[in-house]
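Comments concern the structure below.
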Amino acid sequence: MILGKVSFRLDGKAFFGDWFAAEGLVVAIKISVAKTATLSIGDHVYMNAGTSIEAWHDVQIGSHVLMAPFASIIDDDRHEVEPDAVLYKGPTIVGNNVWLGRNAALMPGVTVGDGSVIGVNSVVTRDIPPNSFAAGAPARVIRKLEIPSGWVRR
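If you want this note's numbering, it's the position in the sequence shown, counting the first as 1, plus 15.
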């Protein structure tokens with residue numbers, strides 16, 4: 016389901032699971048996949064206004080993932096902070112049953128574990144373990160979440 020403005024630039028490989036929803040009614044959603052990149056999105060994934068995904072190499076998003084307004088995911092730094100800086104640090108991965116809060120930013124090479132929630136205005140610069148609530152800039156685990164087996168976010 017696509018509502019409103021959603022910009023797709025799919026020069027590479029992109030896979031979308033069942034019941035993909037992008038709601039760009041207020042602000043456009045941007046999904047870009049570079050020529051040599053792969054974007055994989057699981058089932059029951061919802062993207063709210065202003066969401067941005069840039070795959071330059073490999074971005075993997077699991078199933079039952081919710082993205083609040085202005086969440087962003089990128090897998091390459093794109094510009095050197097200093098000479099000879101490494102721009103690609105590996106795939107950026109969002110596990111299953113994850114909720115990315117408003118303005119959450121996932122930086123290159125991080126993994127957000129299954130069942131986790133990333134708080135508003137957070138910048139994820141390192142891996143977040145499964146079933147964790149993480150927040151801040153940089154994001155850190157605030158507490159463990161009790162997620163019953165088989166429960167999914169809707």
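The beta-carbon is built from N, C-alpha and C at its ideal position, and this holds for glycine as well.
Query                                                                                   : Result
Which of helix, strand or coil DSSP assigns to F85                                      : coil
Separation of G19 from A70, as counted between CA atoms                                 : 22 Å
Alpha-carbon to alpha-carbon, V80 and G57                                               : 8 Å
M62 in three-state terms, based on DSSP                                                 : strand
heavy atom of the ligand ATP below 8 Å from L102 C-beta                                 : The ligand ATP is not part of this structure, which contains no ligands at all.
Same chain, Cβ closer than 7 Å to S147, five either side skipped, listed in chain order : G128, S131, V156, K159, L160
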